[in-house]
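K.L.:
Structure in structure tokens, see below.
In our numbering, the protein residues as written are 18 to 488.
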């Protein structure tokens, strides 16, 4: 079998099929393989019929079809299936060949796989892929990392198929080891946060103001023309306009129990490991957990007391403040996400470029927005920026939004409407801007019951003391 395919792709679910077609559209020949041969044949007879795609039915055929160095991409379920596929491929490959995992793998797995494959001379790339099926087909955001030596061999392929923003491909090498999948993990965590702040706006307008979906649609549509312009706001406006077969809003028929696949949780766990406070993402994850307790919540709603009333005030003023709360909370969420990048970069020696990371998310991905162009500009103009909240544009943006943000949280509390994202973001903001916090009491308590010692404000940092605290 002639060795002519530029890349082999394993896994022909929606994402795999669309990536194969995208790569083929850009002049590359793709060899495709699926564990189920029927799916391969179906793809070749349908979408892939007129594309430079070669179908194979065994891994041996796949490897024989590929030009050297062989490049094999995996678009399969994360976890054990990836390890099993790698184990099956390795005996068929040679030193210098490249395996790429484009799924949502844990970065620790990617670190391990990169090291293990390096021992047998095979390069490994863990590449975050964002944008859903449309992005995969017409231009995703790609976040590759792993074996640095592999990047020159595949760079042209992936930069050509990626989305573009301001003439730049939304694809760039992120770093060694598990860096690519780490960046994708945090991307997904921030996505959780973005969805939660939008959901809280919906809840306040729905429960607090009594707006139905058609009444909210023009508000979200208007927000999408300004500073909140983003893919998620855009699809929210579309959702508000969608009617069921009975002419009623389809959204009202959707059960209020949110699912999750784990990347949000991984972000929160990683933030704890790296001591970086991604509090808004954590609250977004926990909000989904609470939403899943449908039966318990239904029972509790008839037992527990609390306000269930409408929000007082001019609805236009409430909506204006709500936009401020959403925008300011979003800024805090991204500031926290980039704090996590800084901590991880230092711990793992990745030398992550925050400006580059922000630029990768400007188009093609689920969290793409006008907002990310501002973040990219901030980090490119000041690569040593310690926190996004301290940069001029964002500092002034939060200062302008702060009064409406506080009023929104206050109104929600009085009305009994949960706003965990808005309130946790505001709590972080107030904590971060405080030159003194009550942690001195916590240290005194720790020293009192456990002799854990404490530092003093009138002594140099790094000197520790223990006292006997009188009853």
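Built from N, CA and C at the ideal position, the CB exists for glycine as well.
Computed from a prediction, not measured in an experiment: that's the story for all the values here.
With distances taken from CA atoms, which of 126, 282, 458 and 359 is nearest residue 305?
P.N.:
Taking the chain shown and counting its residues from 1, one reaches residue 305 at position 288. Closest option to residue 305, Cα to Cα, is 282.
K.L.:
Rounded to the nearest angstrom, what separates residue 457 and residue 360 at their Cα positions?
P.N.:
Here residue 457 corresponds to residue number 440 of the chain shown, with the count starting at 1. Here residue 360 corresponds to residue number 343 of the chain shown, with the count starting at 1. So the two alpha carbons sit approximately 24 angstroms from each other.
K.L.:
With DSSP run on the structure shown, which of helix, strand or coil describes residue 419?
P.N.:
Position 402 of the chain shown, counting from 1, holds the residue named residue 419. Helix, per DSSP.
K.L.:
With respect to the alpha helix (DSSP H) encompassing residue 60, which residues constitute its N-terminal and C-terminal limits?
P.N.:
The residue labelled residue 60 in the question sits at position 43 within the chain shown. Where residue 60 is concerned, the enclosing alpha helix (DSSP H) stretches over 54-62.
K.L.:
Counting along the chain, where does the alpha helix (DSSP H) carrying residue 374 start and finish?
P.N.:
For the purposes of this step, residue 374 is taken as the residue at position 357 of the chain shown. From DSSP, the alpha helix (DSSP H) with residue 374 extends over 371-377.
K.L.:
Identify whether residue 189 lies in helix, strand or coil by the three-state DSSP scheme.
P.N.:
Start at 1 with the first residue of the chain shown, and residue 189 comes out as number 172. Residue state, collapsed to three classes: coil.
K.L.:
Taking 8 angstroms as the cut-off, does the segment 368-379 touch the segment 389-404 (at least 3 CB pairs, one atom from each stretch)?
P.N.:
yes
K.L.:
What are the boundary residues of the alpha helix (DSSP H) that includes residue 98?
P.N.:
Along the chain shown, read from residue 1 onward, the residue named residue 98 stands at position 81. Per DSSP, residue 98 belongs to the alpha helix (DSSP H) from 97-106.
K.L.:
To the nearest angstrom, how far is it from the Cα of residue 269 to the Cα of residue 237?
P.N.:
By one-based count along the chain shown, residue 269 stands at place 252. By one-based count along the chain shown, residue 237 stands at place 220. Rounded to whole angstroms, residue 269 to residue 237 spans 17 angstroms at the Cα level.
K.L.:
Between the C-alpha atoms of residue 329 and residue 428, what's the straight-line distance to the nearest angstrom?
P.N.:
As a working mapping, residue 329 is identified with position 312 in the chain shown. As a working mapping, residue 428 is identified with position 411 in the chain shown. Taking the straight line from one Cα to the other gives about 8 angstroms.
K.L.:
Just list the alpha helix (DSSP H) runs in the segment 260-315, keeping only unbroken ones of 4 residues or longer that don't cross its boundaries, in chain order.
P.N.:
280-290 and 296-308
K.L.:
Excluding the 5 residues flanking residue 209 on each side, which residues of the same chain have their C-beta closer than 7 angstroms to its C-beta?
P.N.:
Working through the chain shown from its first residue, we reach residue 209 at position 192. Closer than 7 angstroms at the Cβ level, and outside the excluded window around residue 209, lie 281, 298, 301 and 302.
K.L.:
Whole angstroms are fine: how far does the CA of residue 199 sit from the CA of residue 81?
P.N.:
The residue you call residue 81 lines up with position 64 of the chain shown. The residue you call residue 199 lines up with position 182 of the chain shown. Cα to Cα, the separation comes out at about 33 angstroms.
K.L.:
Distance, Cα to Cα, residue 160 vs residue 188?
P.N.:
Stepping through the chain shown from its first residue, residue 160 is reached at position 143. Stepping through the chain shown from its first residue, residue 188 is reached at position 171. About 6 angstroms.
K.L.:
What separation, rounded to the nearest whole angstrom, lies between the Cα atoms of residue 130 and residue 386?
P.N.:
On the chain shown, residue 130 is found 113 positions in, with the first residue counted as 1. On the chain shown, residue 386 is found 369 positions in, with the first residue counted as 1. Near 33 angstroms, if we compare the C-alpha coordinates of residue 386 and residue 130.
K.L.:
Using a threshold of 8 angstroms, state whether the C-beta atoms of residue 165 and residue 193 are closer than that.
P.N.:
As a first step, residue 165 is located in the chain shown; it is residue number 148 there, counting from the start. As a first step, residue 193 is located in the chain shown; it is residue number 176 there, counting from the start. For residue 165 and residue 193, yes; Cβs fall inside 8 angstroms.
K.L.:
Could you say which of 48, 246, 350 and 333 lies nearest to residue 68 if we only look at CA atoms?
P.N.:
Translated into positions along the chain shown, residue 68 becomes position 51. Cα-wise, what sits closest to residue 68 is 48.
K.L.:
Which partner residues of residue 26 appear in the DSSP bridge assignment?
P.N.:
As a working mapping, residue 26 is identified with position 9 in the chain shown. In DSSP, residue 26 forms a bridge with 49 and 90.
K.L.:
Going by DSSP, what residue range makes up the alpha helix (DSSP H) through residue 441?
P.N.:
Start at 1 with the first residue of the chain shown, and residue 441 comes out as number 424. Bounds of the alpha helix (DSSP H) holding residue 441 are 437-449.
K.L.:
Going by the beta-carbon positions, is the gap between residue 382 and residue 122 smaller than 8 angstroms?
P.N.:
Translated into the one-based positions of the chain shown, residue 382 becomes position 365. Translated into the one-based positions of the chain shown, residue 122 becomes position 105. Not closer than 8 angstroms, so no.
K.L.:
Applying the 10 Å Cβ sphere with the 16-neighbour rule, what's the burial state of residue 354?
P.N.:
Numbered from its first residue, the chain shown carries residue 354 at position 337. Residue 354 comes out buried.
K.L.:
Output the distance between the C-alpha atoms of residue 437 and residue 181, rounded to the nearest integer angstrom.
P.N.:
Along the chain shown, read from residue 1 onward, the residue named residue 437 stands at position 420. Along the chain shown, read from residue 1 onward, the residue named residue 181 stands at position 164. In this structure, the straight-line span from the alpha carbon of residue 437 to that of residue 181 is close to 34 angstroms.
K.L.:
Could you compute how far the alpha carbon of residue 419 sits from the alpha carbon of residue 379?
P.N.:
In the chain shown, the residue the question calls residue 419 occupies position 402. In the chain shown, the residue the question calls residue 379 occupies position 362. Taking the straight line joining both Cα atoms gives about 25 angstroms.
K.L.:
Considering only DSSP beta bridges, list what residue 471 is partnered with.
P.N.:
By 1-based counting over the chain shown, the position of residue 471 is 454. In DSSP, residue 471 forms a bridge with 482.
K.L.:
With C-beta atoms as the reference, is residue 222 less than 8 angstroms away from residue 233?
P.N.:
Mapped onto the chain shown, residue 222 falls at position 205. Mapped onto the chain shown, residue 233 falls at position 216. In contact: residue 222 and residue 233 (Cβ atoms closer than 8 angstroms).
K.L.:
Consult DSSP for residue 218 and reduce its assignment to one of helix, strand or coil.
P.N.:
As a working mapping, residue 218 is identified with position 201 in the chain shown. Three-state DSSP puts residue 218 in a helix.
K.L.:
Beta-carbon separation of residue 471 and residue 461 under 8 angstroms?
P.N.:
Mapped onto the chain shown, residue 471 falls at position 454. Mapped onto the chain shown, residue 461 falls at position 444. Yes, the Cβ-Cβ distance between residue 471 and residue 461 is below 8 angstroms.
K.L.:
Please tell me whether residue 308 has its Cβ less than 8 angstroms away from any Cβ of chain B.
P.N.:
No chain B appears in this structure, which consists of one protein chain only.
K.L.:
At the level of alpha carbons, what is the spacing between residue 18 and residue 196?
P.N.:
To locate residue 18, count along the chain shown from 1; it is residue 1. To locate residue 196, count along the chain shown from 1; it is residue 179. Note that residue 18 scores 48 on pLDDT, short of 50, meaning its location in the model is unreliable; the coordinates nonetheless yield the value given after this. Each residue's alpha carbon lies about 36 angstroms from the other.
K.L.:
Is the separation between the beta-carbon of residue 217 and that of residue 439 shorter than 8 angstroms?
P.N.:
Residue mapping note: residue 217 aligns to position 200 of the chain shown, counting from 1. Residue mapping note: residue 439 aligns to position 422 of the chain shown, counting from 1. Contact: yes.
K.L.:
Residue 354 lies in the beta strand (DSSP E); which residues open and close that run?
P.N.:
Taking the first residue of the chain shown as 1, we reach residue 354 at position 337. Per DSSP, residue 354 belongs to no beta strand (DSSP E); it is in the alpha helix (DSSP H), 332-365.
K.L.:
Which residues in the same chain as residue 231 place their Cβ atom closer than 8 angstroms to its Cβ, once the five residues preceding and following it in sequence are excluded?
P.N.:
Working through the chain shown from its first residue, we reach residue 231 at position 214. Contacts found: 257, 258 and 266.
K.L.:
Please report the residue range of the alpha helix (DSSP H) in which residue 178 lies.
P.N.:
Translated into positions along the chain shown, residue 178 becomes position 161. Unbroken alpha helix (DSSP H) run through residue 178: 168-178.
K.L.:
What's the gap between the Cα of residue 433 and the Cα of residue 317?
P.N.:
Indexing the chain shown from 1 puts residue 433 at position 416. Indexing the chain shown from 1 puts residue 317 at position 300. Roughly 14 angstroms between the two C-alpha positions.
K.L.:
Candidates 71, 342, 112 and 289: which alpha carbon is nearest residue 364's?
P.N.:
Counting from one through the chain shown, the residue named residue 364 turns up at place 347. With distances taken between Cα atoms, residue 364 lies closest to 289.
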